[in-house]
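Have a look at the structure below before the remarks.
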Amino acid sequence: MEKILVLDFGGQYNQLIARRVRDNRVFAEILPYTADIETIRKNKYKGIIFTGGPNSVYDMSSPHYSREILDLGVPVLGICYGCQLISFMEGGEVSTAPVSEYGKIELTINTSPLFDNIPEKSVVWMSHTDYISSVPEGYEVIASTPDCPCAAMQNKRKGIYAVQFHPEVTHSEYGEQVLYNFLYNICHCKGDWVMDSFIDSAVEKLKAQIGDKQVILGLSGGVDSSVAAGLLSRAVGKQITCVFVDQGLMRKDEGDFVEKTFTSLFDMNFVRVNCGEYFLEKLKGVTDPEQKRKIIGTEFFNVFWNEIRKQNGKGYFAQGTIYPDCIESGKGDADVIKTHHNRVKTPDDVEFLGIIEPLADLFKDEVRRVGEKLGIPRELVWRQPFPGPGLGVRIIGEITKEKVKLLQEADAVLRDEMSKNGYESRLSQFFCVLPDVKTVGVMGDHRTYENLIIIRAVTTDDFMTADWAKIPYDILAKVSNRITNECKGINRVVYDITSKPPATVEYE
Ligand code: XMP
Numbered sequence: 000m001e002k003i004l005v006l007d008f009g010g011q012y013n014q015l016i017a018r019r020v021r022d023n024r025v026f027a028e029i030l031p032y033t034a035d036i037e038t039i040r041k042n043k044y045k046g047i048i049f050t051g052g053p054n055s056v057y058d059m060s061s062p063h064y065s066r067e068i069l070d071l072g073v074p075v076l077g078i079c080y081g082c083q084l085i086s087f088m089e090g091g092e093v094s095t096a097p098v099s100e101y102g103k104i105e106l107t108i109n110t111s112p113l114f115d116n117i118p119e120k121s122v123v124w125m126s127h128t129d130y131i132s133s134v135p136e137g138y139e140v141i142a143s144t145p146d147c148p149c150a151a152m153q154n155k156r157k158g159i160y161a162v163q164f165h166p167e168v169t170h171s172e173y174g175e176q177v178l179y180n181f182l183y184n185i186c187h188c189k190g191d192w193v194m195d196s197f198i199d200s201a202v203e204k205l206k207a208q209i210g211d212k213q214v215i216l217g218l219s220g221g222v223d224s225s226v227a228a229g230l231l232s233r234a235v236g237k238q239i240t241c242v243f244v245d246q247g248l249m250r251k252d253e254g255d256f257v258e259k260t261f262t263s264l265f266d267m268n269f270v271r272v273n274c275g276e277y278f279l280e281k282l283k284g285v286t287d288p289e290q291k292r293k294i295i296g297t298e299f300f301n302v303f304w305n306e307i308r309k310q311n312g313k314g315y316f317a318q319g320t321i322y323p324d325c326i327e328s329g330k331g332d333a334d335v336i337k338t339h340h341n342r343v344k345t346p347d348d349v350e351f352l353g354i355i356e357p358l359a360d361l362f363k364d365e366v367r368r369v370g371e372k373l374g375i376p377r378e379l380v381w382r383q384p385f386p387g388p389g390l391g392v393r394i395i396g397e398i399t400k401e402k403v404k405l406l407q408e409a410d411a412v413l414r415d416e417m418s419k420n421g422y423e424s425r426l427s428q429f430f431c432v433l434p435d436v437k438t439v440g441v442m443g444d445h446r447t448y449e450n451l452i453i454i455r456a457v458t459t460d461d462f463m464t465a466d467w468a469k470i471p472y473d474i475l476a477k478v479s480n481r482i483t484n485e486c487k488g489i490n491r492v493v494y495d496i497t498s499k500p501p502a503t504v505e506y507e
């Protein structure tokens with residue numbers, strides 16, 4: 000399989016660059032700038048992309064790389080900091096620009112294989128304070144802006160290209176074309192990264208790795224573990240056991256939906272461990288949000304480890320880890336690199352033959368595409384994120400059986416109305432929250448003193464920031480009316496109109 004290396008110098012868009020390359024049907028992997036040159040040489044990349052970075056190339060503590068990388072005979076594209084770094088490595092001059100450029104800027108290009116099918120003038124996204132003040136010997140300027148005389152340069156003979164702007168962001172009008180040109184005109188890729196062939200080769204690999212042994216997978220009902228289960232089932236069928244730990248904190252009827260889907264769709268052993276009562280016992284009297292999360296997380300795995308112990312160390316342990324969980328960041332922070340792996344620590348007495356992570360090369364959108372191709376229902380593949388601790392972080396204060404039931408009922412009404420009104424796919428996430436608050440109301444001729452329900456609905460691209468969703472008043476009115484009528488014990492419904500930041504999406 001042809002591969003492109005995205006060499007990460009700490010820029011904020013490094014994952015986006017790799018995703019855009021993959022959108023062009025070419026596999027891309029990210030390595031930190033600390034990766035050694037021998038590894039890079041051995042991997043026989045079709046091309047290398049240097050990412051942006053927050054630093055100045057003259058800052059001694061900023062990330063650099065051995066000059067040898069430019070002599071491997073592999074085409075290179077430098078972006079932003081990566082562009083300046085190439086100039087610096089090749090003996091050009093980089094200095095503080097008289098005018099820093101941020102945002103959309105008009106670019107004028109000259110002829111270059113990098114700019115095929117791009118008009119002479121277009122808009123690009125810039126974000127820089129340094130610029131190339133003098134290009135290295137052997138390089139020619141191929142683009143400029145009013146304040147940046149060298150917005151792109153090339154050394155055609157060596158196959159080295161550099162752009163000061165960010166082609167990976169959608170604000171750059173022809174950014175996609177720039178990346179396409181680099182991959183196909185310059186690196187001569189064929190475009191062999193397609194999900195069908197991924198499934199075929201992943202299945203073959205899993206078959207070879209697992210042989211006649213057993214595999215156990217913890218199924219949360221989320222997208223990643225569901226797709227991992229689908230792939231494993233296709234590879235080894237009944238040798239896989241999916242353990243679905245139902246902690247009693249899922250949405251209404253969700254546990255049954257997961258069980259029904261997996262038992263009807265796939266050839267596999269399915270074990271549902273119902274431990275709602277056990278979790279409630281562990282959570283009794285606990286109100287601190289962090290402690291609640293900790294208990295739920297720890298107990299989830301305790302239940303799961305018990306299932307693995309039953310295999311007596313003779314099987315494999317599979318996880319739905321995806322690529323963003325595995326990427327080592329280029330920020331050189333070794334401690335962070337270790338902990339951000341989504342790989343749990345196993346207790347000493349839990350033994351298994353090895354860990355299998357069939358999705359470790361995929362981004363979330365690729366996982367979804369694989370899920371669709373495996374025939375997993377859209378409802379599961381495109382479901383909105385649901386936090387690991389489930390409704391536990393949507394019940395403020397102590398969690399009780401009654402509160403879980405009340406929240407499930409209210410949430411089911413909201414889901415029903417969103418779906419009926421076509422809002423399900425327009426919102427990134429929506430749910431109900433049960434705060435530890437009672438208010439006075441009046442129903443019939445009686446005074447009531449009952450629970451409050453909060454509706455939270457957001458739109459977002461990446462969940463790092465989010466806007467509260469502008470759901471029409473008449474739909475909100477219907478939801479409110481139905482919740483107060485159908486859910487006994489709720490006499491008031493409020494709508495959360497806070498974005499993230501300053502709030503978070505979840506409440507705890
Ligand atoms: P916040 O509340 O941090 O949430 O704005 C951002 C996104 O992450 C989800 N979320 C979680 N997902 N385990 C998860 O798998 C968790 O513990 C967790 N907490 C929050 C949240 O639903 C939102 O989509």
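In numbering that gives the first Met the number 0, the protein residues as written are 0 to 507.
For glycine and all other residues, C-beta sits at the position ideal for the given N, C-alpha and C.
Do you know offhand how far residue i's Cα is from residue j's?
i    : j    : result
M249 : M417 : 19 Å
P384 : S219 : 12 Å
I452 : V272 : 30 Å
T503 : S479 : 23 Å
T338 : V441 : Note that T338 scores a pLDDT of 34, beneath 50, so its modelled location is shaky; the value from the coordinates is reported in the next line. In a straight line, the C-alpha of T338 is about 51 Å away from that of V441.
M59  : E298 : 47 Å
E505 : M88  : 46 Å
D332 : P31  : Low local confidence applies: a pLDDT of 40 at D332 is under 50, so the model's placement there is unreliable, with the coordinate-based value given in what follows. When rounded, the distance between both Cα atoms is 11 Å.
P53  : T483 : 52 Å
E401 : F243 : 23 Å
R491 : G217 : 38 Å
G296 : R367 : 25 Å
V403 : I239 : 32 Å
H340 : C325 : Model confidence at H340 stands at a pLDDT of 35, short of 50, so the residue's coordinates are unreliable; what they give is reported in the following sentence. Rounded to whole angstroms, H340 to C325 spans 6 Å at the Cα level.
N301 : M125 : 49 Å
V168 : G319 : 28 Å
S171 : T50  : 16 Å
R308 : L69  : 51 Å
V270 : I209 : 20 Å
I489 : P434 : 11 Å
G10  : R18  : 14 Å
Select from the options the residue whose C-alpha is nearest the C-alpha of residue i.
i    : options                  : result
Y101 : L84, T128, F87 and I85   : T128
A456 : P145, S424, M152 and G77 : S424
C149 : V140, F269, K157 and Q83 : V140
V193 : K2, V492, F429 and R377  : K2
S200 : Q11, I85 and A234        : A234
Y138 : Y130, A151 and D146      : A151
I29  : F49, N42, I474 and V5    : V5
P112 : D70, K155, I104 and G91  : K155
I294 : E397, P145 and G210      : E397
G391 : I16, S427, F181 and D245 : D245
E253 : G389, E105, Y44 and L76  : G389
Looking at the unbroken alpha helix (DSSP H) that takes in residue i, where does it start and where does it end?
i    : result
V403 : K400 to K419
D70  : Per DSSP, D70 belongs to no alpha helix (DSSP H) and is neither H nor E.
A476 : Y472 to E485
D129 : From DSSP, D129 is part of no alpha helix (DSSP H) but of the beta strand (DSSP E) over K120 to S133.
V20  : N13 to D22
G508 : Residue 508 is absent from the structure shown; the chain starts at 0 and stops at 507.
P288 : P288 to R308
Y277 : G275 to L282
I85  : Y80 to M88
Y554 : The question about residue 554 has no answer, for the chain in this structure spans 0 to 507.
V504 : First-last for V504: undefined, no H or E at that position.
V380 : R377 to V380
Less than 8 Å between CB atoms is the rule here; does residue i satisfy it with respect to chain E?
i    : result
K363 : Of the chains in the structure shown, none is chain E; there is only one protein chain.
Please report the residue range of the beta strand (DSSP E) in which residue i lies.
i    : result
K2   : K2 to D7
Y101 : E92 to I108
V493 : I489 to Y494
P148 : C147 to N154
Which full runs of the alpha helix (DSSP H) of 4+ residues lie inside the region 163-226, going along the chain? The qualifying runs are 174-180 and 194-209.
Does the region 251-259 touch the region 289-298, meaning 3 or more C-beta pairs lie closer than 8 Å? The region 289-298 makes no contact with the region 251-259, as fewer than three CB pairs between them are under 8 Å.
Are the region 196-207 and the region 166-183 touching by the rule of at least three beta carbon pairs closer than 8 Å? Taking a contact to require three or more Cβ pairs closer than 8 Å, the region 196-207 and the region 166-183 do not qualify as touching.
Give a yes or no on contact between the region 180-199 and the region 9-26, applying the rule of three or more CB pairs nearer than 8 Å. Yes, the region 180-199 touches the region 9-26.
Sequence ranges, alpha helix (DSSP H) only - wholly within the region 30-67, length at least 4: The DSSP assignment places complete alpha helix (DSSP H) segments of no fewer than 4 residues inside the region 30-67 at 36-41, in order along the chain.
What are the complete beta strand (DSSP E) segments, minimum 3 residues, inside the region 426-455? If we require 3 residues or more, the beta strand (DSSP E) runs fully inside the region 426-455 come out as 428-432 and 437-442.
Taking 8 Å as the threshold, find out whether the region 214-234 comes into contact with the region 354-368 through three or more Cβ pairs. By the criterion of at least three beta-carbon pairs nearer than 8 Å, the region 214-234 is in contact with the region 354-368.
If you pair each beta-carbon of the region 494-502 with each one of the region 464-475, do three or more pairs fall below 8 Å? Counting Cβ pairs under 8 Å, three or more are found: they touch.
Lining residues of the ligand ZN - beta-carbon closer than 5 Å to any non-hydrogen atom, in sequence order: This structure simply doesn't include the ligand ZN; it includes the ligand XMP instead.
Along the chain, which unbroken stretches of the alpha helix (DSSP H) at least 4 residues long are found entirely within the region 219-270? Runs of the alpha helix (DSSP H) inside the region 219-270: 222-235 and 253-264.
The region 156-168 touching the region 72-83, judged by at least three CB pairs closer than 8 Å: Counting Cβ pairs under 8 Å, three or more are found: they touch.
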